[in-house]
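Novice: Quick note on the working numbering: the sequence shown kicks off at 591 and runs consecutively. A virtual CB, placed ideally from N, CA and C, is assigned to each residue, including glycine. Note that the coordinates shown come from a computational prediction; the quantities given were computed from them, not determined experimentally. The structure's right below; bear with me while I get my questions together.
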Amino acid sequence: MPPGLEILHATEDVRRRVAGWRADGLSVGLVPTMGAIHDGHLALVREAAAGSDRVVASLFVNPKQFAPGEDFSAYPRDEVGDAALIASAGGDLLFAPPGETVYPEGFSTAVSVGALSEGLCGAFRPGHFEGVATVVAKLLNMVRPDAAWFGEKDFQQLQVIRRLARDLDLGVAVHGVPTVREADGLALSSRNAYLSAEEREAAPALHRALVALAERAVAPGADLARAIGEAERSILAAGFQRVDYVAVVDRETLRPADPPIGEEARALAAAWLGKARLIDNVAVPPRGP
Ligand code: PAF
Numbered sequence: 591m592p593p594g595l596e597i598l599h600a601t602e603d604v605r606r607r608v609a610g611w612r613a614d615g616l617s618v619g620l621v622p623t624m625g626a627i628h629d630g631h632l633a634l635v636r637e638a639a640a641g642s643d644r645v646v647a648s649l650f651v652n653p654k655q656f657a658p659g660e661d662f663s664a665y666p667r668d669e670v671g672d673a674a675l676i677a678s679a680g681g682d683l684l685f686a687p688p689g690e691t692v693y694p695e696g697f698s699t700a701v702s703v704g705a706l707s708e709g710l711c712g713a714f715r716p717g718h719f720e721g722v723a724t725v726v727a728k729l730l731n732m733v734r735p736d737a738a739w740f741g742e743k744d745f746q747q748l749q750v751i752r753r754l755a756r757d758l759d760l761g762v763a764v765h766g767v768p769t770v771r772e773a774d775g776l777a778l779s780s781r782n783a784y785l786s787a788e789e790r791e792a793a794p795a796l797h798r799a800l801v802a803l804a805e806r807a808v809a810p811g812a813d814l815a816r817a818i819g820e821a822e823r824s825i826l827a828a829g830f831q832r833v834d835y836v837a838v839v840d841r842e843t844l845r846p847a848d849p850p851i852g853e854e855a856r857a858l859a860a861a862w863l864g865k866a867r868l869i870d871n872v873a874v875p876p877r878g879p
């Protein structure tokens with residue numbers, strides 16, 4: 591076990607530890623992960639450590655958020671390596687529940703967050719956000735933190751989870767953390783590991799297309815449909831095989847934004863490059879990551 595990091599697998603153990611911290615007046619932050627830890631996750635752990643006295647990271651590859659035929663079995667798994675990285679960023683506890691603890695025999699509850707889950711990635715990954723909302727609700731109940739941290743890279747997921755926490759009065763503050771990028775703009779993602787060297791070269795085109803779109807969208811007299819079409823074409827021209835969507839949406843409702851486009855909007859895209867389905871999003875107008 592890495593120095594300073596405790597690893598627990600049983601819900602009663604994690605609850606006892608968290609209850610003890612809270613009894614001592616310490617606040618507790620949770621960073622839910624599916625492992626395959628990279629610098630994007632570590633930014634979440636660091637933010638959680640800055641915003642709370644103790645940090646729990648969870649590690650659970652959630653079968654319910656993968657549709658049949660998606661990469662659930664191929665998803666990289668390395669508990670020991672992940673634990674070392676989480677410890678290095680200031681994590682105090684790694685909670686790695688076994689599948690039968692999260693979904694015991696007879697488990698039959700699903701949490702569905704309605705309209706926010708339906709468009710964008712929801713339209714291409716049926717059941718995905720229901721799987722995410724169900725496991726996040728479960729993890730929050732298992733760990734009982736004061737706050738939880740999620741990446742803006744999965745912008746739709748972040749908005750779904752914010753809605754979930756509000757609607758169900760979960761009593762947990764949900765924080766978003768800006769996307770961490772490679773020097774060439776590619777958003778860090780566990781799925782970048784699926785890219786060949788040639789695909790890795792092409793991959794930053796997704797971010798470039800979104801930045802250009804976000805700039806065009808706010809220009810006076812912008813033709814949004816045309817700007818979206820140009821973004822799609824530039825992604826395909828870079829070598830992506832398929833674009834699932836390019837969209838400019840209201841960042842709260844995730845419904846298509848109406849011109850004139852302003853700061854309430856977000857530009858998002860998902861596209862296939864070889865075996866990897868890459869997603870990304872930027873603020874409108876583009877600023878920071
Ligand atoms: O973003 C992820 O890694 C997952 O969707 C999450 C939030 C850990 C739920 O399984």
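Could you tell me the alpha carbon to alpha carbon distance between residue 820 and residue 718, rounded to whole angstroms?
Specialist: Residue mapping note: residue 820 aligns to position 230 of the sequence shown, counting from 1. Residue mapping note: residue 718 aligns to position 128 of the sequence shown, counting from 1. If I take the Cα positions, the gap works out to 28 Å.
Novice: So, for residue 871: in the same chain, excluding its five sequence neighbours on each side, which residues have a beta-carbon less than 6 Å away from its beta-carbon?
Specialist: Stepping through the sequence shown from its first residue, residue 871 is reached at position 281. Here the set comprises 745, 856, 858.
Novice: Report yes if the C-beta of residue 622 is less than 6 Å from at least one heavy atom of the ligand PAF; otherwise report no.
Specialist: Here residue 622 refers to the residue found at position 32 of the sequence shown. Yes, the ligand PAF has a heavy atom inside 6 Å of this Cβ.
Novice: Cβ-heavy atom distance between residue 744 and the ligand PAF below 6 Å?
Specialist: Along the sequence shown, read from residue 1 onward, the residue named residue 744 stands at position 154. Flag set: Cβ of residue 744 near the ligand PAF.
Novice: With residue 866 as the anchor, note down where its beta strand (DSSP E) starts and where it stops.
Specialist: Start at 1 with the first residue of the sequence shown, and residue 866 comes out as number 276. Element bounds for residue 866: 866-873.
Novice: Shorter than 7 Å from the beta carbon of residue 662 to some beta carbon of chain B?
Specialist: Chain labels in this structure do not include chain B; a single protein chain is all it has.
Novice: Whole beta strand (DSSP E) runs in the segment 683-742 with 3 or more residues, listed along the chain?
Specialist: 683-685, 737-741
Novice: Is residue 725 near the ligand PAF, going by C-beta to nearest heavy atom under 6 Å?
Specialist: The residue you call residue 725 lines up with position 135 of the sequence shown. Correct: residue 725 has its Cβ closer than 6 Å to the ligand PAF.
Novice: Please check the pair residue 737 and residue 642, which I expect to be a contact at CB under 8 Å, by giving their CB distance rounded to whole angstroms.
Specialist: Locating residue 737 in the sequence shown gives position 147, where the first residue counts as 1. Locating residue 642 in the sequence shown gives position 52, where the first residue counts as 1. The Cβ separation is near 6 Å, so the contact holds.
Novice: Name the residue from 623, 644, 595 whose alpha carbon lies nearest to the alpha carbon of residue 614.
Specialist: Numbered from 1 along the sequence shown, position 24 holds the residue referred to as residue 614. Of the listed residues, the one whose Cα sits closest to residue 614 is 644.
Novice: Starting from the C-beta of residue 665, find all residues in its chain whose C-beta is less than 6 Å away, skip the five residues before and the five after it, and write them out in chain order.
Specialist: Here the question's residue 665 lines up with position 75 in the sequence shown. Excluding residues within five positions, the ones whose Cβ falls inside 6 Å are 651.
Novice: Could you pull out every residue in the same chain whose Cβ sits closer than 8 Å to the Cβ of residue 619, ignoring the five residues on either side in sequence?
Specialist: By one-based count along the sequence shown, residue 619 stands at place 29. Sequence-distant partners of residue 619 (beyond 5 residues in either direction) whose C-beta falls short of 8 Å from its own C-beta, in its chain, are 638, 639, 641, 642, 644, 645, 646, 735, 736, 737, 738, 739.
Novice: Within the same chain, show all residues whose beta-carbon is closer than 8 Å to that of residue 636, passing over the 5 residues directly before and after it, in chain order.
Specialist: Taking the sequence shown and counting its residues from 1, one reaches residue 636 at position 46. Cβ within range, chain order: 679, 680.
Novice: With distance defined between alpha-carbon atoms, name the residue in 793, 783, 676, 656 nearest to residue 773.
Specialist: One-based indexing of the sequence shown puts residue 773 at position 183. Of the candidates 793, 783, 676, 656, the one whose C-alpha sits nearest the C-alpha of residue 773 is 793.
Novice: How many Å lie between residue 713 and residue 610 at the Cα?
Specialist: Position 123 of the sequence shown, counting from 1, holds the residue named residue 713. Position 20 of the sequence shown, counting from 1, holds the residue named residue 610. The alpha-carbon atoms of residue 713 and residue 610 are separated by roughly 43 Å.
Novice: For residue 722, is the beta carbon positioned less than 6 Å from some heavy atom of the ligand SAH?
Specialist: As presented, the structure is devoid of the ligand SAH, carrying the ligand PAF as its sole ligands.
Novice: Roughly how far, in whole angstroms, is the beta-carbon of residue 778 from the beta-carbon of residue 628, given that I think they are within contact range, below 8 Å?
Specialist: Position 188 of the sequence shown holds residue 778. Position 38 of the sequence shown holds residue 628. That belief holds up - the Cβ atoms of residue 778 and residue 628 are roughly 5 Å apart, short of 8 Å.
Novice: Across which residues does DSSP place residue 769 in a beta bridge pair?
Specialist: Sequence index remark: in the sequence shown, residue 769 carries index 179 (1-based). Beta-bridge pairing links residue 769 to no other residue.
Novice: By the 10 Å Cβ neighbour count, where 16 or more other Cβ atoms means buried, how is residue 806 classified, buried or exposed?
Specialist: Start at 1 with the first residue of the sequence shown, and residue 806 comes out as number 216. Flag for residue 806 reads buried.
Novice: Nearest to residue 612 by CA position, among 834, 812, 757, 733, is which residue?
Specialist: As a first step, residue 612 must be located in the sequence shown, where it is residue number 22. If we check each option's Cα against that of residue 612, 733 comes out closest.
Novice: I'd like to confirm something about residue 652: is its beta-carbon nearer than 6 Å to some heavy atom of the ligand PAF, or not?
Specialist: Numbered from 1 along the sequence shown, position 62 holds the residue referred to as residue 652. For the ligand PAF, at least one heavy atom lies less than 6 Å from the Cβ of residue 652.
Novice: Tell me the residue span of the beta strand (DSSP E) that contains residue 601.
Specialist: What you label residue 601 is simply residue 11 of the sequence shown in a count that begins at 1. Membership of residue 601 in any beta strand (DSSP E) is not indicated; the residue belongs instead to the alpha helix (DSSP H) covering 601-613.
Novice: Measure from the alpha carbon of residue 760 to the alpha carbon of each residue in 818, 634, 852, 728, then state which is nearest.
Specialist: Here residue 760 refers to the residue found at position 170 when the sequence shown is read from its first residue. The shortest C-alpha separation from residue 760 is found at 728.
Novice: Assuming residue 648 is part of the alpha helix (DSSP H), what are its boundary residues?
Specialist: Taking the first residue of the sequence shown as 1, we reach residue 648 at position 58. Not the alpha helix (DSSP H): residue 648 falls in the beta strand (DSSP E), residues 644-649.
Novice: Using a Cβ-Cβ cutoff of less than 6 Å, which residues in the same chain neighbour residue 832 once the five nearest sequence positions on both sides are dropped?
Specialist: Residue mapping note: residue 832 aligns to position 242 of the sequence shown, counting from 1. Excluding residues within five positions, the ones whose Cβ falls inside 6 Å are 862.
Novice: I'd like to check one pair, residue 754 with residue 766: are the Cβ atoms closer than 7 Å?
Specialist: Within the sequence shown, the letter at position 176 stands for residue 766. Within the sequence shown, the letter at position 164 stands for residue 754. Contact flag unset, no.
Novice: Quick check on residue 666: does DSSP put it in helix, strand or coil?
Specialist: Within the sequence shown, the letter at position 76 stands for residue 666. Three-state result, residue 666: coil.
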